[in-house]
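If you read the sequences in order, they're chains A and B. Residue numbering for the first sequence follows the numbering used here, starting at 1 and increasing by one per position. Residue numbering for the second sequence follows the numbering used here, starting at 1001 and increasing by one per position. Note that beta-carbon positions come from the ideal geometry of N, C-alpha and C, so glycine has one too. These numbers come from a predicted model, not from an experiment. Step one of this worksheet: look at the structure below.
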Amino acid sequence: MTRRVARTILIFGLAATLSFGTLMGCRTIMGLLSGDLDLEDIDKDIRGMKALAHAMSKANQAITPEDEYYLGRAVAVNVLNQHRYQYVEAGQIQAGQLSAGLTNYLFHIGKILVAASERKPLKGDRPVPLAGYHFIVLNSPEINAFAAPGGYIFITTGILRLARNEDEVAGILAHEMCHVLRGHGINAIQKARWNSVKKIFFSEAASGVFGDSAAATDFLNAAVSDILKRMIMEGYSQKAEFEADGCGMRLLAVAGYNSWALYNVIKAMDQRGVGHKRGFYKTHPSPMARMKSLYKVTPKWKYPTPPPARYARFRVAMGNLPAPGTARLPKKLTTPNI
Amino acid sequence: MKKTILTGVVAGSLMALALMVGLVESAPSPGTTMSVRALKARLMASPQFLGSSVSTLRRGARVKVLQVKGSWYKVNYRGRTGWVHKNRVTKKVIKLSSGDTGSGTSRGEAELAGRGFSPKTEASFRSKNPNFDYSHVDKMQALDVEPDSVARFVQTGAVNGPKKKGGAK
């Protein structure tokens, strides 16, 4: 009996929340049409985002930014190794100098997105990586991009060639950054594996003590394998991809880029037939499903035409892409040795 | 069965909340000394991410809070004054064996230890995987662009959002 009453209250509560949300949505759509919307009100326009929220694993609550730093570096070195350390502007990067060029261009766009993510964080975002975000272009014809925990973002020359303007490049980066912000890499660590070490990660006293043990190395090794398996071979779950799309679109909007740019990149992927073959990514949603999900949440704002300077610098930066066919294909993924 | 699920959800949410409370620090009052937690933190001329920076602080640097403005703290570091974002600093003392490293060195990085992993975890991982060349990750991590260059990039590209009656913000 009491249970039934409780359930009724719960249902009414949910219904009230939902209808309130819908009303708020209408209000802001009216605001948009009249053109008096402030960017600060952004989340009132992106109401459907909550439906895209993806549960974070317990590991995400316990892994500190310091731990994420080491985890991320180990994942990043694997991604680079798999690609035979072939990346664009390697000479410039080895010299530690970012001047004009493609990587420098991506860092500028990336920094705008990072500022946006810190200015208006989403509830449940992971803390900002201790070393910040870093971007590298892998010389690979594969249409792909990877985000390691700790903010190491890799995008291939293949996917960059799909982008038709700066906003679309920002869309690709924003989607990848959201995998980091929403802890999708850390979520990929297998539950049983996590359970065997969780006490240590929840304990402040463990700092620096456990890390020196062989068990810590074993756990790092295993966690890296779990993450790589998801990130490179299987793809994150459908829910994680939808969430990264929604979160990425929101980052674009907060940053001042066209919030439809991510939708447009996915559309370009669909036109190129990416993800059409069965078994390419077992769990990855199809571009069409992603477009459908994004369509629902992307606010229908009108953007002024960008100044010619924005397109001109995009063209110049893309001029640094190596000629197609110069890349040696990635190796088969080697999992760590131990 | 349902009851178990419900209890689990409630317990889980409470736990998450408690952790969040533990992780999120309250704003400091002026006069508080804080430590830089990020490997590198920009001391900005004004309380914003993009614009000119006064100096670059390294992990472990101790700064004195002069003023709090939303998520930004006006701080003093060895006579230099600027704004640092709350995400870069902590009230906790970042322990470094050789004291305040200040700016310019990367000692803070070497001293970095998490609850689970430490520099020794990485060293042992590297020795067991000699085929992984970490120097590339180090180079990637060392890359950065100046925040004032990004501010100019925003301006020349007019990256400032949708059409609004009141003009772009």
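Can you list, in chain order, the residues of its chain with a C-beta nearer than 6 Å to that of Tyr-1073/B? Leave out the 5 residues immediately preceding and following it.
Val-1065 and Val-1084
Residue range of the beta strand (DSSP E) that Trp-1083/B falls in?
1080-1085
Only counting runs of 3 or more residues, tell me where the beta strand (DSSP E) segments fall wholly within the region 1113-1163 of chain B, in order along the chain.
none
9 Å Cβ cut-off: residues of chain A touching Asp-1133/B
Val-77, Leu-80, Asn-81 and Tyr-85
Less than 7 Å between CB atoms is the rule here; does Glu-1122/B satisfy it with respect to chain A?
yes
Chain A beta carbons: is any one of them nearer than 7 Å to that of Met-1044/B?
no
Close Cβ partners of Ser-1071/B (< 7 Å) along its chain, the five nearest in sequence each way excluded:
His-1085 and Lys-1086
Using only CA atoms, which one of Arg-84/A, Arg-73/A, Arg-328/A and Pro-322/A lies nearest to Leu-160/A?
Pro-322/A
For Val-1155/B, count the other beta carbons within 10 Å of its own beta carbon; 16 or more makes it buried, fewer makes it exposed. Which is it?
One point to set straight first is that residue 1155/B is Gln, not Val, in the sequence displayed. Exposed, because fewer than 16 other Cβ atoms sit within 10 Å of the Cβ of Gln-1155/B.
Counting beta carbon pairs with one atom in the region 217-235 of chain A and one in the region 66-77 of chain A, are three or more of them shorter than 8 Å?
yes
Just to confirm before moving on: does the CB-CB distance between Leu-1112/B and Glu-204/A stay below 7 Å?
no
Helix, strand or coil for Met-56/A, going by three-state DSSP, please let me know.
coil
In the DSSP assignment, what are the bridge partners of Ser-1053/B?
Met-1044/B
Confirm, please, whether the CB-CB distance from Val-254/A to Ile-112/A is below 7 Å.
no
Helix, strand or coil: how does DSSP classify Ala-147/A here?
strand
Determine the extent of the beta strand (DSSP E) in which Gln-1067/B is found, giving its start and end residues.
1062-1069
Short Cβ contact (7 Å threshold) for Ser-1052/B with Ala-1041/B
no
Check whether the Cβ atoms of Gly-150/A and Val-265/A sit closer than 7 Å, and answer yes or no.
no
Proximity to Glu-89/A [Cα-Cα], best of Gly-101/A, Ala-188/A, Leu-262/A and Asn-78/A
Gly-101/A
Is Tyr-236/A buried or exposed, if buried means 16 or more other CB atoms sit within 10 Å of its CB?
buried
Residues near Gly-110/A by beta carbon distance below 6 Å, same chain, minus five either side:
Tyr-133, Phe-135 and Leu-173
Note down the Cα distance separating Ala-240/A from Arg-1080/B, rounded to an integer number of angstroms.
43 Å
Bridge partners - Pro-135/A, DSSP secondary structure assignment:
Rather than Pro, the amino acid found at residue 135/A in this sequence is Phe. Answer is Ile-153/A, bridged to Phe-135/A.
Relative to the C-alpha of Gln-61/A, which candidate in Arg-84/A, His-179/A, Leu-138/A and Lys-198/A has its C-alpha closest?
Lys-198/A
Compare the C-alpha of Ser-1118/B against each of Tyr-303/A, Arg-193/A, Val-209/A and Ile-63/A and name the closest.
Val-209/A
Span of the beta strand (DSSP E) around Lys-123/A
Element bounds for Lys-123/A: n/a, residue is neither H nor E.
Around the C-beta of Leu-33/A, are 16 or more other C-beta atoms found within 10 angstroms, so that it is buried, or is it exposed?
At Leu-33/A, the pLDDT of 37 sits below 50, so the modelled position is not reliable; the number obtained from the coordinates is stated separately. It is exposed - the Cβ of Leu-33/A has fewer than 16 other Cβ atoms within 10 Å.
Taking DSSP as the reference, what is the three-state secondary structure of Arg-230/A?
helix
Return the bridge partner residues of Ser-1035/B from the DSSP annotation.
Arg-1062/B and Thr-1090/B
From the beta carbon of Pro-1162/B, is the nearest beta carbon of chain A less than 7 Å away?
yes
Counterpart residues of Tyr-1073/B in DSSP-defined beta bridges:
Val-1068/B and Val-1084/B
To the nearest angstrom, report how far apart Val-180/A and Gly-246/A are at their CA atoms.
14 Å
Under 7 Å between C-beta atoms, does Ala-1038/B make it to chain A?
yes
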